[in-house]
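Chemist:
Number of protein chains: 2
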Amino acid sequence: MRKKVVAGIDIGGMNTRIGLVDQSGEVLADSNIATDQYPTPEEFISAIHNSIDLLLKNPDMPLSELIGIGIGAPCANYHTGSIENAANLPWKHVPLASMLEVNFPDVPVKVTNDANAVAIAEMIYGDARNLNDFVVITLGTGLGSGIVSNGELIYGHDGFAGEVGHITAVPNGRQCNCGRCGCLETYVSARGIKRTVFELLANSTEDSLLRDSSFNELSSKDIHAAALKGDPIAVEAFRITGEILGRSLADVVAFTSPSAIFIFGGLAEAKDMILNPAKENMEKYLVGCFRGKVQIKPSALGNKDAGIVGGASLVWRNFI
Amino acid sequence: MRKKVVAGIDIGGMNTRIGLVDQSGEVLADSNIATDQYPTPEEFISAIHNSIDLLLKNPDMPLSELIGIGIGAPCANYHTGSIENAANLPWKHVPLASMLEVNFPDVPVKVTNDANAVAIAEMIYGDARNLNDFVVITLGTGLGSGIVSNGELIYGHDGFAGEVGHITAVPNGRQCNCGRCGCLETYVSARGIKRTVFELLANSTEDSLLRDSSFNELSSKDIHAAALKGDPIAVEAFRITGEILGRSLADVVAFTSPSAIFIFGGLAEAKDMILNPAKENMEKYLVGCFRGKVQIKPSALGNKDAGIVGGASLVWRNFI
């Protein structure tokens with residue numbers, strides 16, 4: 000009997016990762032294409048098609064049957080199966096599902112945004128397996144979120160629900176790429192913590208390892224490395240980031256009352272440095288009836304494959 | 000054949016209203032007891048029992064069969080069927096459902112908070128009949144909310160979801176009864192607009208009809224009446240209230256992306272005076288992908304009976 004596999008696809012601004020995932024969530028084979036090397040959606044879809052075919056023919060793979068394709072992508076709409084108004088991709092609109100269904104007419108193609116895909120993977124393969132009400136916050140360049148209530152992901156009437164990165168954390172605060180000011184992701188994200196470092200470097204006279212990097216050079220990994228060495232600016236930047244995250248999570252709880260909030264992505268690797276101030280401030284700002292009930296913890300999904308597994312879990316969830 | 004009816008109960012700090020509601024949402028008979036006249040939950044439950052029996056025996060009623068009891072109450076938990084940690088009731092904890100089930104062993108007893116009950120009534124009898132994703136905001140002494148996503152009310156893991164009145168509207172803002180500062184309901188509610196009037200009376204030198212009332216005397220109805228006469232302080236108070244409401248509704252939309260937000264309760268009677276600035280500011284603060292998609296409108300439920308119908312709709316929804 001052939002082994003059933005789902006192709007999980009994680010579309011990012013630079014790279015698109017494609018993998019074949021079995022029912023247990025294991026990535027059996029994977030490959031990578033450079034998103035920005037394809038001038039048209041047609042060429043991009045054709046490259047995905049070829050990649051999936053090559054992976055299926057990979058001699059190291061068991062004899063397999065493709066039973067579906069699941070995709071996580073920025074600005075992807077679950078209802079329409081399309082990427083809509085993407086800012087960080089080479090193409091603004093791509094009807095992903097309908098284009099791939101031409102190439103793979105016999106299998107379902109499911110599409111959602113990357114944070115929602117991670118939330119579904121957490122529900123099927125991670126620590127949210129027995130939870131009906133939880134939230135996943137993904138900390139990458141920006142801040143994404145997937146909200147699960149009553150055991151179902153909340154897509155909203157238009158497929159775009161879960162934009163927690165764009166709730167107001169600081170009225171009239173930092174300018175956001177979305178055109179608003181003070182959005183949560185301008186403080187809590189890889190780019191947000193960098194902005195906080197530069198604000199601290201400007202406001203204090205404290206010596207810091209980070210005074211030798213330009214804004215464009217500095218990465219959140221550098222800030223994490225400096226914090227591990229005890230650099231006071233880096234440590235304070237993580238504390239502030241956690242504080243603002245915790246304050247906003249108190250609002251998240253007031254909406255959907257999740258039992259747990261999972262933090263996923265690069266910044267979450269700083270663990271207690273960001274999670275402790277987040278927990279402390281969430282508790283401080285929670286309405287009484289929610290206090291002491293909501294866990295904040297790092298996602299149980301490995302960073303490396305979560306995008307691929309997240310995409311695949313859109314399909315696997317219908318079989319599990 | 001006997002007509003099937005549900006007892007809908009609306010428990011408030013002062014009054015508890017009890018009515019018999021048919022499947023079409025019509026209140027066939029109703030009565031009223033003074034909540035605060037009952038020193039113990041047992042006496043209160045016994046009074047509700049008597050009221051329902053009397054209504055069923057009312058000679059003006061068609062021959063009826065009671066098929067369920069639905070209750071909307073402050074701090075009521077859908078999962079446990081209890082009132083928990085009530086601040087404005089004579090008793091802190093009341094296991095409503097289990098106590099009433101002793102008196103009425105043959106019918107289901109459903110309990111939820113008052114705003115959730117209104118949301119379900121809006122879904123069954125109001126303007127949300129064809130909507131899967133919407134929000135109801137109730138403006139009374141405080142601000143309540145009921146959030147419906149994927150066609151289901153969001154109760155959260157503990158039954159307390161939908162506390163939009165306690166998201167932060169103004170960081171370090173007005174003191175709230177909940178112990179926090181800057182909660183939305185300290186600005187947007189009958190009490191909130193009164194606080195805004197007093198702030199305006201303090202800050203401006205403008206003449207106003209409202210300068211002759213004490214804080215305790217002044218009601219939101221007085222403010223509405225003054226605004227209708229063009230009183231500049233009253234008009235400005237409604238504008239500010241609508242502005243803060245609209246700004247926070249932009250965050251509500253970023254969470255669950257509803258297609259409509261229904262405003263219910265006393266302040267909503269001021270219609271455009273509060274709804275126009277709310278619409279304008281929600282649009283202004285919305286992330287681009289949500290703009291022009293979300294309606295704000297007054298609830299289609301009449302204020303008078305909505306509490307009773309809301310309670311009853313908790314039961315009727317399982318038959319409709």
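The listed protein sequences derive, respectively, from chains A and B. For the first sequence, position 179 matches number 178 in numbering that gives the first Met the number 0, and the numbering has no gaps at all. For the second sequence, position 7 matches number 6 in numbering that gives the first Met the number 0, and the numbering has no gaps at all. All C-beta atoms, glycine included, are put in the ideal place defined by N, C-alpha and C. Nothing here was measured: the structure is a model prediction, and the numbers come from that model.
#1: Whole angstroms is fine: what's the gap from residue 52 of chain A's alpha carbon to residue 19 of chain A's?
#2: List, from N- to C-terminal side, the alpha helix (DSSP H) runs of 4 residues or more that fit wholly inside the region 199 to 245 of chain A.
#3: For chain A, find out if any of its Cβ atoms is closer than 8 Å to the Cβ of residue 284 of chain B; answer yes or no.
#4: Using the Cβ count rule (16 or more neighbours within 10 Å means buried), how would you classify residue 178 of chain A?
#5: Using a beta-carbon distance below 8 Å, is residue 141 of chain B in contact with chain A?
#6: Can you round the beta-carbon distance between residue 10 of chain A and residue 39 of chain A to whole angstroms, since I take them to be within the 8 Å contact cut?
#7: Alpha carbon to alpha carbon, what distance is there between residue 222 of chain A and residue 229 of chain A?
#8: Got a sec: is the Cβ-Cβ distance from residue 255 of chain B to anything in chain A below 8 Å?
#9: Just how far apart, CA to CA, sit residue 256 of chain B and residue 255 of chain A?
#10: Using a Cβ-Cβ cut-off of 7 Å (strictly less than) and excluding sequence neighbours within five positions of residue 172 of chain B, which residues of its own chain qualify?
#11: So what does residue 16 of chain B bridge to, in DSSP terms?
#12: Assign residue 38 of chain B to one of three DSSP states: helix, strand, or coil.
#13: Note down, in chain order, each residue of its chain lying with its Cβ closer than 6 Å to the Cβ of residue 262 of chain A, except the 5 sequence neighbours on either side.
#14: So is residue 287 of chain A buried or exposed if we call it buried at 16+ other beta carbons inside 10 Å?
#15: Assuming residue 95 of chain A and residue 75 of chain A form a contact by the criterion Cβ under 8 Å, report the distance between their Cβ atoms to the nearest whole angstrom.
#16: Could you tell me the distance, in whole angstroms, from the CA atom of residue 89 of chain A to the CA atom of residue 276 of chain B?
#17: One question on the structure: do residue 170 of chain B and residue 205 of chain B come within less than 8 Å of each other, judged by their Cβ atoms?
#18: Within a Cβ cutoff of 8 Å, which residues of the same chain sit near residue 29 of chain A, ignoring the five residues on either side of it in sequence?
#19: Spell out the partners DSSP gives residue 263 of chain B in its beta bridges.
#20: Look at the alpha carbon of residue 201 of chain A and the alpha carbon of residue 295 of chain A, and state the distance between them as a whole number of angstroms.
#21: Under a three-way DSSP split, which group does residue 255 of chain A fall into?
#22: Taking the alpha carbon of residue 265 of chain A as the reference point, which residue from A:224, A:290, A:252, A:284 has its own alpha carbon closest?
#23: Residue 163 of chain B touches chain A at which residues, Cβ-Cβ below 8 Å?
#24: Let me know the secondary structure DSSP gives residue 75 of chain A once reduced to three states.
#25: Can a CB atom of chain A be found closer than 8 Å to the CB of residue 91 of chain B?
#26: Along the region 187 to 198 of chain A, what residues have a CB closer than 7 Å to any CB found in chain B?
#27: Out of B:104, B:97, B:151, B:86, state which residue places its alpha-carbon closest to the alpha-carbon of residue 116 of chain B.
#28: Secondary structure at residue 100 of chain A, three-state DSSP: helix, strand or coil?
#29: Report the residues of the region 212 to 246 of chain B with a CB closer than 8 Å to any CB of chain A, ordered along the chain.
#30: Once you ignore the five residues that flank residue 270 of chain B on each side, which residues in its own chain have a CB closer than 7 Å to its CB?
#31: Quick one: is residue 149 of chain B near chain A, going by C-beta distance under 8 Å?
#32: I'd like to know whether the C-beta atoms of residue 328 of chain B and residue 248 of chain B end up nearer to each other than 8 Å.
#33: For a contact meaning CB atoms closer than 7 Å, what does residue 179 of chain B contact in chain A?
#34: Which stretch, first to last residue, makes up the alpha helix (DSSP H) that contains residue 270 of chain A?
#35: Could one say the Cβ of residue 63 of chain A lies closer than 8 Å to chain B's Cβ atoms, at least one of them?
#36: Closest to residue 8 of chain B by C-alpha separation, out of B:106, B:110, B:139, would be which residue?
Modeler: To lay it out plainly:
#1: As a first step, residue 52 of chain A is located in the first sequence; it is residue number 53 there, counting from the start. As a first step, residue 19 of chain A is located in the first sequence; it is residue number 20 there, counting from the start. C-alpha separation (whole angstroms): 10 Å.
#2: 219 to 227
#3: Here residue 284 of chain B is taken as the residue at index 285 of the second sequence, counted from 1. Interface residue, yes.
#4: Taking the first sequence and counting its residues from 1, the one referred to as residue 178 of chain A is at position 179. Exposed, since its Cβ has fewer than 16 Cβ neighbours within 10 Å.
#5: Indexing the second sequence from 1 puts residue 141 of chain B at position 142. Closer than 8 Å: no.
#6: Here residue 10 of chain A corresponds to residue number 11 of the first sequence, with the count starting at 1. Here residue 39 of chain A corresponds to residue number 40 of the first sequence, with the count starting at 1. No, residue 10 of chain A and residue 39 of chain A are not in contact; Cβ-Cβ is about 15 Å, not under 8 Å.
#7: Along the first sequence, read from residue 1 onward, the residue named residue 229 of chain A stands at position 230. Along the first sequence, read from residue 1 onward, the residue named residue 222 of chain A stands at position 223. About 10 Å.
#8: Residue numbering aside, residue 255 of chain B sits at position 256 when the second sequence is read from its first letter. Chain A contact via Cβ: present.
#9: Residue 256 of chain B sits at position 257 when you count from the first residue of the second sequence. Residue 255 of chain A sits at position 256 when you count from the first residue of the first sequence. For residue 256 of chain B and residue 255 of chain A, the distance between alpha carbons rounds to 13 Å.
#10: Residue numbering aside, residue 172 of chain B sits at position 173 when the second sequence is read from its first letter. Within the same chain, residue 172 of chain B has close Cβ partners 180, 181, 185.
#11: The residue given as residue 16 of chain B occupies position 17 in the second sequence. Its beta-bridge partners are B:9, B:31.
#12: On the second sequence, residue 38 of chain B is found 39 positions in, with the first residue counted as 1. Note: residue 38 of chain B maps to coil in three-state DSSP.
#13: To locate residue 262 of chain A, count along the first sequence from 1; it is residue 263. 136, 297, listed in sequence order.
#14: Counting from one through the first sequence, the residue named residue 287 of chain A turns up at place 288. Exposed, because fewer than 16 other Cβ atoms sit within 10 Å of the Cβ of residue 287 of chain A.
#15: Residue 95 of chain A sits at position 96 when you count from the first residue of the first sequence. Residue 75 of chain A sits at position 76 when you count from the first residue of the first sequence. Correct: roughly 7 Å between the Cβ atoms.
#16: To locate residue 89 of chain A, count along the first sequence from 1; it is residue 90. To locate residue 276 of chain B, count along the second sequence from 1; it is residue 277. So the alpha carbons of these two residues sit roughly 38 Å apart.
#17: Translated into positions along the second sequence, residue 170 of chain B becomes position 171. Translated into positions along the second sequence, residue 205 of chain B becomes position 206. No. Outside cutoff.
#18: Along the first sequence, one-based indexing puts residue 29 of chain A at 30. For residue 29 of chain A, where only same-chain residues beyond five positions count, the Cβ hits under 8 Å are 16, 17, 18, 19, 54, 304, 307.
#19: Residue 263 of chain B sits at position 264 when you count from the first residue of the second sequence. Looking at the DSSP assignment, residue 263 of chain B forms a beta bridge with B:137.
#20: The sequence position of residue 201 of chain A within the first sequence is 202, counting from 1. The sequence position of residue 295 of chain A within the first sequence is 296, counting from 1. Answer to the nearest angstrom: the Cα atoms are 31 Å apart.
#21: To locate residue 255 of chain A, count along the first sequence from 1; it is residue 256. Note: residue 255 of chain A maps to helix in three-state DSSP.
#22: Indexing the first sequence from 1 puts residue 265 of chain A at position 266. Closest by alpha carbon: A:224.
#23: Locating residue 163 of chain B in the second sequence gives position 164, where the first residue counts as 1. Those within 8 Å of residue 163 of chain B in chain A are 253, 254.
#24: As a first step, residue 75 of chain A must be located in the first sequence, where it is residue number 76. Of the three classes helix, strand and coil, the one that applies to residue 75 of chain A here is strand, per DSSP.
#25: As a working mapping, residue 91 of chain B is identified with position 92 in the second sequence. Not closer than 8 Å to any Cβ of chain A, the Cβ of residue 91 of chain B fails to qualify, so no.
#26: none
#27: In the second sequence, counting from the first residue as 1, residue 116 of chain B sits at position 117. Nearest of B:104, B:97, B:151, B:86 to residue 116 of chain B, Cα basis: B:151.
#28: Looking up residue 100 of chain A in the first sequence gives position 101. Reduced to three states, the DSSP call for residue 100 of chain A is helix.
#29: 246
#30: Residue numbering aside, residue 270 of chain B sits at position 271 when the second sequence is read from its first letter. So the list reads 297, once near-sequence residues are dropped.
#31: One-based indexing of the second sequence puts residue 149 of chain B at position 150. Closer than 8 Å: yes.
#32: Nothing can be reported for residue 328 of chain B, as the shown portion of chain B is limited to 0 through 319.
#33: On the second sequence, residue 179 of chain B is found 180 positions in, with the first residue counted as 1. Residues of chain A passing the Cβ test: 284, 286.
#34: In the first sequence, residue 270 of chain A corresponds to position 271, counting from 1. Residue 270 of chain A -> no alpha helix (DSSP H), and no H or E assigned at all.
#35: For the purposes of this step, residue 63 of chain A is taken as residue 64 along the first sequence, with counting starting at 1. Taking Cβ atoms only, chain B never reaches closer than 8 Å to residue 63 of chain A, which makes this a no.
#36: The residue you call residue 8 of chain B lines up with position 9 of the second sequence. It is B:110.
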